[in-house]
Amino acid sequence: MTKTITLAHGNGGQENRELIEKIFYKNFKNDILEKGEDAAVIENGRLAFTTDSFTVSPLFFNGGDIGKLAICGTCNDLAMMGARPKYISCSVIIEEGFSTRELEKIVRSMKNELEINSAIVVSGDTKVVPKGAVDKIFINTTGIGEIEYQGISASNLREGMSILVNRDIGCHGATIFMAREGLELHSDLQTDCTSLYPQVKALIDANIPIVALRDATRGGVSAVLNEWAVSSGVCVEVQEESIPIREQVKGVCEMLGFEALDLANEGSFILAVAKKDEAKALEVLQQTDTSSAIIATVTMQYTSKVILNSSWGTKRFLDLPSGELLPRIC
Amino acid sequence: MQLENLYDDFRDADTIKAYAKIIANDAKKLKKPINIMEVCGGHTHTIMKFGLPQLLPKNINFIHGPGCPVCIMPKERIDHAYILSMQSDVILVTLGDMIKVPGSHGSLQDARSKGADVRFVYSPLDSIQIAKENPDKKIIFFAIGFETTTPMTAVLVEQVIKLKIPNIVFHINHVTVPEVMVELIDSRDVHVDAYNNQIDAFLGPSHVSVISGSKIYDKFPKEYNRPVVVTGFEPVDVMHGISMILKQFIENRCELEIEYKRVVTYNGNLKAQALIEKYFQKVSLFKWRGLGNVPDSGLRLREEFANLDAEVVYKDILPIAEIEDHKLCICGDILRGMAKPHECTIFGTACKPTTPIGSCMVSSEGACAAYYKYGNLL
């Protein structure tokens, strides 16, 4: 590890994983934690438990704000374990001088999102710190959910299975990047930030056996597929042209030299099912978003690796994103 | 025009496959294998990202050139940036992935984690806004890049003078392409012939040539007997460019041609060239990471703008001693086409994108980084 923590350690990719393994896992070591799932499964598989902190800048962006994100993020982590979000805690750290009006706007959007999930905030904490100690407002939410579908796990993938995505990818990362770096790029692009429990419930209600499920947040789709390949000891083969990416996201990526697969999402998830269930799963996903698609198959070609197949017959590895996302120079 | 028109057709699977077929047929007529150097890091990235070597016959080989402005930045210059950024009244502004490259004290990213104010901009002109918002700070624009980005720095210099902005100075690290191409062709070990460079032809840089025109490569076919085809960045462009080079070999021609005709002309952007000429002059030697000193390959501000030159203004705190490259690193040989990344003993072990040692690993456009990220399927 490097001597000091850099922004790269928070990117959801390689450095982030190193930080977690070498410092946190090492000290907190226990069986539940080491599963490394989106949420911990506790109480004999009855409950899912998770936490997340939100520090996004800018606080308000196209299609959402930090409040919506704080509820979606935690509820989605629960939903990804097949759980119905129930009880949420909410801790806020506010910088002195923050506008009361903006605070209420944020809390109202949390309320809206809680309603969509039928979850409630049952405990909380507020701290105000001197100017400069935090950037405007940081929010932490912790959630408990009731598991409705058991056995979802990143280590369940087997040869022949299919992998789907629920919608086009990269919108959140591209939206935030445009807003954050003062790039003077303008488009109607919106974050994909949304509560995913309703879509998970639809899959469960349709009796689709869910093998693995994960929302592609920091580190994007690349990170999820790589984690799955490693956890299950399989190879994930992605058909590059089948990945849904909208033109605006492609445009931002082309201009700045990013890969849409590396961009963060807040309402996109990856689903693994048996081959025989892929058509039905796609049908269910299509009811919410017609851009959903089958993007990959599980093989044993290079175990613990993700391969990207181009439409002209070449292939390459798709690696975990690494470093801070920085635009290319020329 | 829609943005997607700029790339969709140039990534068309059928066109790429058709070129692969033409190239495979033509390659049978070659008398000996040929080594094509793509000078530009953008090409290296395209070649590896789109897996193009998998589509080419065995007698066509790529040599990955030194055309990544971040990769070739020597430790001495990065140390300058680091030291400048650690000054309490300084905001150091630079472009994108420059901030990842380690010098001998660390990278600008490390400096930032120690409290330095380091920012990256997409357009150098954004520095003006930063300067206005921070009147009590000195803004140092750490300028990097080939002919492609030099005009943007020149425009910033012009604006700083015109708008009389008192708190921006420049640390100039602009480099030029033709000089390093000459260096690569000329470089040889006087004691062993086997160590001569292996370059048979060049894929000419795309965006450098938009600015400087293809005229800067005139001498390569004429004086050095190396064909040059200025080629675009998309996979169809690169396949087309390779096919044009092959045709030259088969037809016994040695010429300068342009594949990237939709933006590159022979004369280039004359206005941009005039701006560069107005504010910059050549430095007699510029050190390239991995290659050493290359004559006439760097630029600096002209003497009359010395008051804007950070190397003059801060000369008391900027070291001038040379720093050796890592002993086990073979980036110099890779850039000369004498070795491939995986022949290096520290490739993928001590030297990785997260902890780069050599120049070719530091940016996604470097040959080693591209091999590490995409290349191990070959």
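Residue numbers (my numbering), protein chains in the order written: chain A, 1 to 330; chain B, 1001 to 1378.
Where is the CB? At the ideal position from N, CA and C, for every residue including glycine.
Quantities reported herein were computed from a predicted structural model and do not represent experimental measurements.
### Query
Helix, strand or coil: how does DSSP classify residue 1284/B here?
Within the second sequence, the letter at position 284 stands for residue 1284/B. Looking at residue 1284/B - three-state DSSP - the assignment turns out to be strand.
### Residues of the stretch 304 to 324 of chain A whose Cβ lies closer than 8 Å to any Cβ of chain B, in chain order
Residues of the stretch 304 to 324 of chain A with a C-beta atom less than 8 Å from some C-beta of chain B are 307, 310, 311, 312, 313, 314, 315, 316, 317, 319, 322, 323 and 324, listed in chain order.
#### Entry: Within chain B, the residues that residue 4/A reaches when beta carbons sit closer than 8 Å
To locate residue 4/A, count along the first sequence from 1; it is residue 4. Using a Cβ-Cβ cut-off of 8 Å, residue 4/A is close to 1110, 1113 and 1114 of chain B, given in chain order.
### Message
What ranges does the beta strand (DSSP E) occupy inside the stretch 155 to 179 of chain A, keeping only unbroken runs of at least 3 residues that lie completely in it?
### Response
Segments of the beta strand (DSSP E) lying fully in the stretch 155 to 179 of chain A: 162 to 165.
### Message
For residue 1217/B and residue 1108/B, I'd like the C-alpha separation in whole angstroms.
### Response
By 1-based counting over the second sequence, the position of residue 1217/B is 217. By 1-based counting over the second sequence, the position of residue 1108/B is 108. Between residue 1217/B and residue 1108/B, the alpha-carbon positions lie close to 35 Å from each other.
### Message
Taking the straight line between their C-alpha atoms, what separation do you get for residue 150/A and residue 82/A?
### Response
Within the first sequence, the letter at position 150 stands for residue 150/A. Within the first sequence, the letter at position 82 stands for residue 82/A. A direct Cα-Cα distance of roughly 7 Å separates residue 150/A from residue 82/A.
### Task
Kindly indicate which residue of 135/A, 70/A and 221/A has the alpha-carbon position closest to the one of residue 96/A.
Numbered from 1 along the first sequence, position 96 holds the residue referred to as residue 96/A. The option with the nearest alpha carbon to residue 96/A is 135/A.
### Query
The alpha helix (DSSP H) spanning residue 956/B covers which residue range?
Outside the shown range of chain B, which is 1001 to 1378, sits residue 956/B, and nothing can be said about it.
### Query
Smallest Cα separation from residue 1287/B: which of 1322/B, 1275/B and 1265/B?
For the purposes of this step, residue 1287/B is identified with residue 287 of the second sequence, where counting begins at 1. With respect to the C-alpha of residue 1287/B, the residue from 1322/B, 1275/B and 1265/B having the closest C-alpha is 1322/B.
### Task
Give the interface partners of residue 239/A over in chain B, defined as CB-CB distance under 7 Å, in chain order.
For the purposes of this step, residue 239/A is taken as the residue at position 239 of the first sequence. Simply none; closest approach about 12 Å.
### Task
Please state whether DSSP places residue 200/A in a helix, a strand or coil.
The residue labelled residue 200/A in the question sits at position 200 within the first sequence. Helix, per DSSP.
### Beta-carbon neighbours of residue 1050/B, restricted to chain A and to distances below 9 Å
Locating residue 1050/B in the second sequence gives position 50, counting from the first residue. Ordered by position in chain A, the residues that pass the 9 Å Cβ test against residue 1050/B are 310, 312, 314 and 316.
### Message
Determine, for residue 1013/B, whether the minimum Cβ-Cβ distance to residues of chain A falls below 7 Å.
### Response
Here residue 1013/B is taken as the residue at index 13 of the second sequence, counted from 1. With 7 Å as the cut-off, residue 1013/B counts as an interface residue toward chain A.
#### Entry: Rounded straight-line distance, which links the Cα of residue 1184/B to that of residue 262/A
Translated into positions along the first sequence, residue 262/A becomes position 262. Translated into positions along the second sequence, residue 1184/B becomes position 184. When the Cα atoms are used, residue 262/A and residue 1184/B turn out to be separated by approximately 36 Å.
### Message
Is residue 14/A close to chain B? Criterion is C-beta to C-beta, closer than 7 Å.
### Response
Counting from one through the first sequence, the residue named residue 14/A turns up at place 14. At least one chain B Cβ lies under 7 Å of residue 14/A.
### Query
Do you know offhand how far residue 1378/B's Cα is from residue 308/A's?
As a working mapping, residue 1378/B is identified with position 378 in the second sequence. As a working mapping, residue 308/A is identified with position 308 in the first sequence. For residue 1378/B, the predicted structure reports a pLDDT of 45, less than 50, and the residue's modelled location is therefore unreliable. A value from the coordinates is still provided. The straight-line gap from Cα to Cα measures roughly 14 Å.
### Query
Helix, strand or coil: how does DSSP classify residue 1378/B here?
Counting from one through the second sequence, the residue named residue 1378/B turns up at place 378. Interpretation of residue 1378/B is limited by its pLDDT of 45, a score under 50 that renders its predicted location unreliable; the figure taken from the coordinates is listed afterwards. Residue state, collapsed to three classes: coil.
### Task
Tell me, please, whether the CB atom of residue 247/A is closer than 7 Å to any CB atom in chain B?
Taking the first sequence and counting its residues from 1, the one referred to as residue 247/A is at position 247. Chain B places a beta carbon closer than 7 Å to that of residue 247/A, counting this residue as a contact.
### Query
Going along the chain, which residues of its own chain have a beta-carbon closer than 7 Å to the beta-carbon of residue 1084/B, five neighbours each way excluded?
As a first step, residue 1084/B must be located in the second sequence, where it is residue number 84. 1090, 1092, 1140, 1171, 1310 and 1314.
### Message
If you reduce the DSSP assignment to three classes, tell me which class residue 314/A lands in.
### Response
Counting from 1 along the first sequence, the entry for residue 314/A is found at position 314. Three-state DSSP puts residue 314/A in coil, outside helix and strand.
### Query
From residue 198/A to residue 39/A, what distance separates their C-alpha atoms?
Stepping through the first sequence from its first residue, residue 198/A is reached at position 198. Stepping through the first sequence from its first residue, residue 39/A is reached at position 39. Between residue 198/A and residue 39/A, the C-alpha separation is close to 18 Å.
#### Entry: Residue(s) in a DSSP beta bridge with residue 1048/B
Translated into positions along the second sequence, residue 1048/B becomes position 48. Residue pairing by DSSP places residue 1048/B opposite no residue, since no beta bridge is assigned to it.
### Query
Where does residue 109/A land, buried or exposed, given buried means 16+ other C-beta within 10 angstroms?
Within the first sequence, residue 109/A is the residue found at index 109, counting from 1. So residue 109/A ends up on the buried side.
### Task
Could you name each continuous alpha helix (DSSP H) segment of 4 residues or more that falls completely within the stretch 96 to 120 of chain A, going from the start of the chain to the end?
Within the stretch 96 to 120 of chain A, the complete alpha helix (DSSP H) segments of 4 residues or longer fall at 100 to 117, listed in chain order.
### Query
Under 7 Å between C-beta atoms, does residue 1374/B make it to chain A?
Residue numbering aside, residue 1374/B sits at position 374 when the second sequence is read from its first letter. Cβ-Cβ to chain A under 7 Å: yes for residue 1374/B.
#### Entry: Spatial distance of residue 1121/B from residue 1105/B (CA atoms)
Within the second sequence, residue 1121/B is the residue found at index 121, counting from 1. Within the second sequence, residue 1105/B is the residue found at index 105, counting from 1. Computed Cα separation, rounded: 23 Å.
### Task
Starting from the beta carbon of residue 8/A, find every residue of chain B whose beta carbon is closer than 9 Å, and list them in chain order.
For the purposes of this step, residue 8/A is taken as the residue at position 8 of the first sequence. Within chain B, the residues near residue 8/A are 1100, 1109 and 1354.
### Interface flag, residue 1054/B vs chain A, CB-CB below 7 Å
Numbered from 1 along the second sequence, position 54 holds the residue referred to as residue 1054/B. Cβ-Cβ to chain A under 7 Å: yes for residue 1054/B.
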